[in-house]
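Just below is one structure, and these are the notes that go with it.
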Amino acid sequence: GLAADGDRFEHTYVGLGTSVAEKQVVAVALYGSALRVGFGSAGGWSAFGPERLVTASSGNVLRTLDAEPALALYKRYLGDASGDLPASALLFPLALNRVDSSAPVVRTILAVDEALGTLTFAADIPEGARVRLMRASINSLVGGAEGAARMALDRLGRAPSVAILVSCVGRRLVLKQRVEDELDGVRQILGNASVMAGLYSYGEITPLAPSCCSELHNQTMTVTLFSEC
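Be aware that the sequence shown starts at 950, since it is given in the numbering used here, and climbs by one per residue.
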């Protein structure tokens, strides 16, 4: 997962041992003939409103939707919550349907440019793609977390020893005081024998399926399970 600092969007730090700094990447490799890994990722967000065409973008900067400035259109949907951008954008991500993929992915807004009327995302928003706004309830997010755990457990095919959970910061903002509900949901699926650890992130990295390459996701609970046979 990607490092985060809650809803502040100021500084993120990554470290290994005694080295902690910004703009770093840490990778950990696990291997062995007895190692088994299962993974799953799900959100629980629901799309609403009409589908919009990405008519102008540059990398991860979205300029226009249906030939209209993206920020102005987005603010209309948010209403009063638009005054709290970019933090409030964590509550209203976009479902991105790309031309080259049948499965939509969720994309979170990281920054807005009032002068240019643009939205900056955690990953590329290609021209020609179609997007819809999304929202969620506490129950739907907890259900998404349980679905991710169930998916990972099915792929592992055995009881896990260790579970790594990466949940998006935006989910935590929606869940508020009930943030532990999604962890309890995962625990109910995995059982009490496995050790669980994790973090709240600005993005989760996992394949959509075992035959796919890993890619960046937003606003998901992503579960990775480990076991030795």
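Ideal Cβ placement from N, Cα and C applies to all residues, glycine included.
**OP:** Determine the extent of the beta strand (DSSP E) in which D1062 is found, giving its start and end residues.
**Re:** Working through the sequence shown from its first residue, we reach residue 1062 at position 113. Note, D1062: beta strand (DSSP E), I1058 to D1062.
Original post:
Could you check where the beta strand (DSSP E) with R1081 kicks off and where it finishes?
Top reply: Translated into the one-based positions of the sequence shown, residue 1081 becomes position 132. It spans R1079 to R1084 - the beta strand (DSSP E) in which R1081 sits, taken as one unbroken run.
**OP:** Kindly give me the distance between the Cβ atoms of A1078 and T1169, rounded to whole angstroms, as I take these residues to be in contact under 8 Å.
**Re:** Locating residue 1078 in the sequence shown gives position 129, counting from the first residue. Locating residue 1169 in the sequence shown gives position 220, counting from the first residue. Contact between A1078 and T1169 is ruled out by a C-beta separation of about 19 Å, above the 8 Å threshold.
**OP:** Tell me R985's beta-bridge partners as DSSP assigns them.
**Re:** Counted from its first residue, the sequence shown places residue 985 at position 36. Looking at the DSSP assignment, R985 forms a beta bridge with S1176.
Original post:
Which residues bound the alpha helix (DSSP H) around E1095?
Top reply: Numbered from 1 along the sequence shown, position 146 holds the residue referred to as residue 1095. I1087 to L1105 is the span of the alpha helix (DSSP H), which, as asked, contains E1095.
**OP:** Use the C-beta contact count for N1088: other C-beta atoms within 10 angstroms, 16 or more gives buried, fewer gives exposed.
**Re:** As a first step, residue 1088 must be located in the sequence shown, where it is residue number 139. With fewer than 16 other Cβ atoms within 10 Å, it is exposed.
Original post:
Rounded to a whole number of angstroms, what is the C-alpha to C-alpha distance between T1013 and N1046?
Top reply: Residue 1013 sits at position 64 when you count from the first residue of the sequence shown. Residue 1046 sits at position 97 when you count from the first residue of the sequence shown. Each residue's alpha carbon lies about 16 Å from the other.
Original post:
Considering only C-alpha positions, which residue in the set V963, A1052 and E971 is nearest to V1080?
Top reply: Position 131 of the sequence shown, counting from 1, holds the residue named residue 1080. Per the Cα distances, A1052.
Original post:
Looking at the structure shown, is D1012 part of a helix, part of a strand, or coil, going by DSSP?
Top reply: For the purposes of this step, residue 1012 is taken as the residue at position 63 of the sequence shown. In the sequence under discussion, the amino acid at residue 1012 is Arg, which differs from the Asp named in the question. Three-state result, R1012: strand.
Subject >> Nearest-angstrom Cβ-Cβ length linking R1084 and F1070, presumed shorter than 8 Å >> reply: Position 135 of the sequence shown, counted from the start, is the residue given in the question as residue 1084. Position 121 of the sequence shown, counted from the start, is the residue given in the question as residue 1070. Incorrect: roughly 17 Å between the Cβ atoms, too far for contact.
Original post:
In terms of residues, what are the limits of the beta strand (DSSP E) holding V1144?
Top reply: Counted from its first residue, the sequence shown places residue 1144 at position 195. In this chain, the beta strand (DSSP E) harbouring V1144 covers V1144 to S1150.
**OP:** Indicate whether F984 and V975 have their beta-carbon atoms separated by less than 8 Å.
**Re:** In the sequence shown, the residue the question calls residue 984 occupies position 35. In the sequence shown, the residue the question calls residue 975 occupies position 26. Inspection of the sequence shows that residue 984 is occupied by Leu rather than by Phe. No; because the gap between Cβ atoms is not below 8 Å, this pair is not in contact.
Original post:
Along the chain, where does the alpha helix (DSSP H) that runs through L1022 open and close?
Top reply: Working through the sequence shown from its first residue, we reach residue 1022 at position 73. Residues A1019 to L1027.
Original post:
For G964, which three-state DSSP category applies?
Top reply: Translated into the one-based positions of the sequence shown, residue 964 becomes position 15. Note: G964 maps to strand in three-state DSSP.
Original post:
Is it right to say E1177 is buried, meaning 16 or more other beta carbons lie within 10 angstroms of its own, or is it exposed?
Top reply: The residue labelled residue 1177 in the question sits at position 228 within the sequence shown. The Cβ neighbour count for E1177, taken over all protein chains shown within 10 Å, is under 16; the residue is labelled exposed.
**OP:** Tell me whether G998 sits in a helix, a strand or coil according to DSSP, three-state version.
**Re:** In the sequence shown, the residue the question calls residue 998 occupies position 49. In this structure, G998 counts as strand in the three-state DSSP scheme.
Original post:
Can you tell which of V1048, G1106 and A1030 has its C-alpha closest to the C-alpha of E1076?
Top reply: Here residue 1076 corresponds to residue number 127 of the sequence shown, with the count starting at 1. Across the set V1048, G1106 and A1030, the C-alpha of V1048 shows the shortest separation from the C-alpha of E1076.
**OP:** Would you mind reading off the limits of the beta strand (DSSP E) that contains E1153?
**Re:** Mapped onto the sequence shown, residue 1153 falls at position 204. In this chain, the beta strand (DSSP E) harbouring E1153 covers E1153 to P1156.
Original post:
Counting pairs of Cβ atoms below 8 Å between the stretch 1020-1031 and the stretch 977-991, do you hit three or more?
Top reply: Contact fails between the stretch 1020-1031 and the stretch 977-991, because fewer than three Cβ pairs, one in each stretch, are under 8 Å apart.
Original post:
Does the stretch 1116-1129 come close enough to the stretch 1142-1161 to have 3 or more Cβ pairs within less than 8 Å?
Top reply: Short answer: they touch.
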